[in-house]
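Read in order, the letters of the sequence shown correspond to residues 21 to 304 in this note's numbering.
Have a look at the structure below, then the notes.
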Amino acid sequence: MSDTPPTTPYTQPAGGSNPEPRQNSTPVASKKPPRFSVFGSVQTIATYAFLLATLFTLFTPDNLFSDQMLNRVFQAWQANPTEIAQLASTAQAPAAESLPIGIVAGHWKNDSGSVCSDGTTEEQVNLTIATLVQQSLTAQGFKVDLLEEFDTRLGGYKGLLLLSIHNDSCDYINDQATGFKVAAAAHTENPEKATRLTACLTDRFARDTGLGFHSGSITNDMTYYHAFDEIDPQTPAAIIETGFLNLDKQILTQHPDVVAQGIVDGILCYVHNESVSTTVVPTP
């Protein structure tokens with residue numbers, strides 16, 4: 021919004037033009053008293069009433085004597101006493117979301133998790149993906165806590181949600197040991213939110229990565245993940261294993277940005293209450 025005072029509208033003098041009297045014209049004996057203008061009086065009263073209403077609206081200790089308010093009103097009145105400039109609000113807009121998002125990098129600062137023959141560890145892969153998720157969500161204005169496996173902050177953790185990121189075995193099991201899986205906390209006071217969180221993650225992660233949902237390998241270690249019993253029971257929580265570090269190793273290690281984007285989109289789907297097209301909805 022521009023701070024330039026409004027341009028004073030041109031007003032033609034009352035009575036129209038006033039040319040010089042002719043030399044032989046009869047002089048006017050006396051001036052007539054100005055006509056009473058109902059419109060002008062109403063306009064003046066309305067202007068003062070609007071000014072007073074504006075001042076009363078701003079009658080707060082912070083705003084009444086602020087330099088900004090007085091200067092803006094004075095400048096507007098000086099430029100055109102029939103108009104009042106709109107005052108800029110000094111109040112800060114509240115954050116869209118006040119609670120943080122908790123992202124646990126599985127096994128981080130606790131153990132290596134699965135270890136592959138080339139030295140790649142699950143801990144490394146989990147941390148890389150979790151860090152990318154944190155960076156992306158932070159860039160979009162969210163407060164994001166990157167948490168260790170047994171982070172002390174997990175005790176009573178209150179957040180928009182908590183998600184723990186893991187990966188499955190490096191060993192070859194069979195040709196079907198590929199894909200991701202998501203599970204919600206078994207113990208939660210918001211089962212409907214946990215169900216929606218897992219549905220959003222399942223839908224968006226499958227769409228972004230092209231990986232299938234491997235529902236057959238969801239275990240109690242996932243649904244009864246230790247952090248679920250440590251956080252505040254009102255915090256919706258889930259765990260995701262983004263793939264198998266054998267058949268899915270290429271996308272997990274060479275394209276972690278794609279994997280992270282699938283998680284970010286799943287979280288945004290949940291936070292913004294977006295529609296979910298998937299028919300696979302893991303039950304908490």
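Note that CB positions come from ideal geometry on N, CA and C, so glycine has one too.
Check your understanding: For the alpha helix (DSSP H) that contains VAL284, what are its first and last residues?
Key -> In the sequence shown, the residue the question calls residue 284 occupies position 264. VAL284: member of the alpha helix (DSSP H) spanning 276-291, first to last residue.
Point to revise | ALA258 to THR218 span [Cα, whole Å] | key: For the purposes of this step, residue 258 is taken as the residue at position 238 of the sequence shown. For the purposes of this step, residue 218 is taken as the residue at position 198 of the sequence shown. ALA258 and THR218: Cα-Cα distance of roughly 7 angstroms.
Check your understanding: At which residue ranges does the segment 116-203 contain complete alpha helix (DSSP H) runs of 4 or more residues, listed in the order of the chain?
Key -> Look at the segment 116-203 and you find these whole runs of alpha helix (DSSP H), each 4 residues long or longer: 142-159.
**Study point:** Distance between LYS269 and GLN254 (C-alpha atoms, nearest Å)
**Key:** Locating residue 254 in the sequence shown gives position 234, counting from the first residue. Locating residue 269 in the sequence shown gives position 249, counting from the first residue. So the two alpha carbons sit approximately 35 angstroms from each other.
Practice item. Output the distance between the C-alpha atoms of PHE225 and LEU166, rounded to the nearest integer angstrom. Key: Sequence index remark: in the sequence shown, residue 225 carries index 205 (1-based). Sequence index remark: in the sequence shown, residue 166 carries index 146 (1-based). Approximately 20 angstroms, taken between the alpha carbons.
Exercise for review: Can you tell me which of the three DSSP states GLY236 falls into?
Suggested key: One-based indexing of the sequence shown puts residue 236 at position 216. In this structure, GLY236 counts as helix in the three-state DSSP scheme.
Check your understanding: With burial defined as no fewer than 16 other Cβ atoms inside 10 Å of the residue's Cβ, what is the status of SER156: buried or exposed?
Key -> Within the sequence shown, the letter at position 136 stands for residue 156. Label assigned to SER156: buried.
Point to revise | Per-residue DSSP class, three states only, for ALA226 | key: Against the sequence shown, residue 226 aligns to sequence position 206. Residue state, collapsed to three classes: helix.
Practice item. Could you tell me the distance, in whole angstroms, from the CA atom of GLU294 to the CA atom of ASP223? Key: Taking the sequence shown and counting its residues from 1, the one referred to as residue 294 is at position 274. Taking the sequence shown and counting its residues from 1, the one referred to as residue 223 is at position 203. Roughly 11 angstroms between the two C-alpha positions.
**Study point:** For GLU250, the first and last residue of its enclosing beta strand (DSSP E)
**Key:** As a working note, residue 250 is residue 230 in the sequence shown. Per DSSP, GLU250 belongs to no beta strand (DSSP E) and is neither H nor E.
Review point. Between the segment 193-207 and the segment 231-244, do three or more beta carbon pairs fall short of 8 angstroms?
Key: At 8 angstroms Cβ cutoff, the stretches touch.
Check your understanding: Between which two residues does the beta strand (DSSP E) harbouring GLU209 extend?
Key -> What you label residue 209 is simply residue 189 of the sequence shown in a count that begins at 1. Per DSSP, GLU209 belongs to no beta strand (DSSP E) and is neither H nor E.
**Study point:** Three-state class that DSSP yields for THR110 in the structure shown
**Key:** Here residue 110 corresponds to residue number 90 of the sequence shown, with the count starting at 1. In this predicted model, THR110 has a pLDDT of only 36, less than 50, meaning its place in the structure is not dependable; the value taken from the coordinates is given anyway. Coil at THR110, not helix or strand.
Exercise for review: Grab the span of the beta strand (DSSP E) containing GLU261 for me, first residue to last.
Suggested key: Taking the first residue of the sequence shown as 1, we reach residue 261 at position 241. Here the beta strand (DSSP E) through GLU261 covers 257-264.
Review point. Between the C-alpha atoms of GLY230 and VAL279, what's the straight-line distance to the nearest angstrom?
Key: By 1-based counting over the sequence shown, the position of residue 230 is 210. By 1-based counting over the sequence shown, the position of residue 279 is 259. The C-alpha of GLY230 lies about 10 angstroms from the C-alpha of VAL279.
**Study point:** Beta carbon of PRO256 nearer than 8 angstroms to that of ASN187
**Key:** Here residue 256 refers to the residue found at position 236 of the sequence shown. Here residue 187 refers to the residue found at position 167 of the sequence shown. Taking the C-beta atoms as reference points, ASN187 is found no nearer than 8 angstroms to PRO256.
Point to revise | Buried versus exposed call for HIS127 [16 or more other C-beta atoms within 10 Å across all chains shown] | key: If you number the sequence shown from 1, residue 127 lands on position 107. Using a 10 angstroms sphere on the CB of HIS127, the tally of other CB atoms reaches 16 or more, which defines it as buried.
Review point. Do you know how far the Cα of VAL291 is from the Cα of GLY161?
Key: Looking up residue 161 in the sequence shown gives position 141. Looking up residue 291 in the sequence shown gives position 271. Note on geometry: alpha-carbon atoms of GLY161 and VAL291 lie some 13 angstroms from one another.
Practice item. Within its chain, find whatever has a CB closer than 8 angstroms to the CB of ASN146; leave out the 5 residues flanking it on each side and keep chain order. Key: As a first step, residue 146 is located in the sequence shown; it is residue number 126 there, counting from the start. For ASN146, where only same-chain residues beyond five positions count, the Cβ hits under 8 angstroms are ALA125, GLY126, HIS127, TRP128, GLY133, ILE185, HIS186 and ASN187.
Exercise for review: Would you tell me roughly how many angstroms separate the C-alpha atoms of ARG216 and ILE238, rounded to the nearest one?
Suggested key: The residue given as residue 216 occupies position 196 in the sequence shown. The residue given as residue 238 occupies position 218 in the sequence shown. In a straight line, the C-alpha of ARG216 is about 17 angstroms away from that of ILE238.
Practice item. Helix, strand or coil for LEU231, going by three-state DSSP, please let me know. Key: As a working note, residue 231 is residue 211 in the sequence shown. LEU231 sits in coil when the DSSP states are folded into three classes, being neither helix nor strand.
Check your understanding: Whose C-alpha, out of GLN281, ILE283 and ILE121, is nearest the C-alpha of LEU180?
Key -> If you number the sequence shown from 1, residue 180 lands on position 160. In terms of Cα proximity to LEU180, the closest of GLN281, ILE283 and ILE121 is ILE121.
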